[in-house]
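First the structure, in the form of structure tokens, and then the observations on it.
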Amino acid sequence: MALHQIETNQEEAEIYHGAALCKQKSMELLDLCRLPRGLLPLNDLVEVGRNQKTGFVWLKQQRSLEYRFKAIGRTVLYETEVTAYVEDRRMRRLTGVKTKELLVWLTISDISVDDSNPGMITFANPTGLSRSFPITAFEAEREESK
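Under this note's numbering, think of the first position of the sequence shown as 109, with each following residue one higher.
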């Protein structure tokens, strides 16, 4: 499904290749959406694409990445293709991102920061269940990775 979405949004998209440029563009994307830079700790990116008209973005990496956010004690799996529709303070219809709860991997489909509580970031799955964490947990991860 992600491949189909990428193909249908490629025509009018800005597409970037190369690890350094893709990392830079992924950080610019998070800044543009006003989301914490530590949210996408992807270092082996090979392609980043963004269709400004539809808001669709994709990030392709060489291999999937399991990353532990120490500040919240959660492990997140980023698959080789991560896609989303982005808008101010939100990523919706997210694909390629899962979190481990107990022994089960759960799909993350929505990430948002509510203006009424800008200190928290909320992650939701397709069933509507959600969990919120301090946004600083993701900013701190960015600082540690430098």
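Don't be surprised by glycine CBs; every beta carbon is placed ideally from N, CA and C. Keep in mind that this is a model prediction, so the values were computed, not measured.
Look at the region 129-212 and you find these whole runs of beta strand (DSSP E), each 3 residues long or longer: 153-159, 164-169, 173-177, 182-195, 198-209.
From the listed residues LEU129, MET228, CYS130, LYS208, the smallest Cα separation to TYR186 is found for LYS208. Approximately 7 Å separates the beta-carbon atoms of ILE229 and PRO144; this is inside 8 Å, confirming the contact.
Short of 6 Å from the beta carbon of GLY157, and not among the five residues preceding or following it, lie these beta carbons of its own chain, in chain order: ALA121, ILE123, TRP166. The beta carbon of SER172 sits closer than 7 Å to those of LEU185, TYR186, GLU187, THR188, all from its chain and outside the five residues before and after it, given in chain order.
In this structure, the beta-carbon distance from THR162 to GLU174 does not fall below 8 Å. Closest by C-alpha distance to LEU137, out of GLY126, PRO226, ASN159, is ASN159. Residues of the same chain with a CB within less than 7 Å of the CB of ALA245, apart from the 5 flanking positions on each side, are PHE177, ALA179, ILE180 in chain order. Annotated three-state conformation of THR235 is coil, per DSSP. Around the C-beta of LEU153, 16 or more other C-beta atoms lie within 10 Å, and the residue is accordingly described as buried. DSSP places ILE219 in the strand class (E or B) of the three-state scheme.
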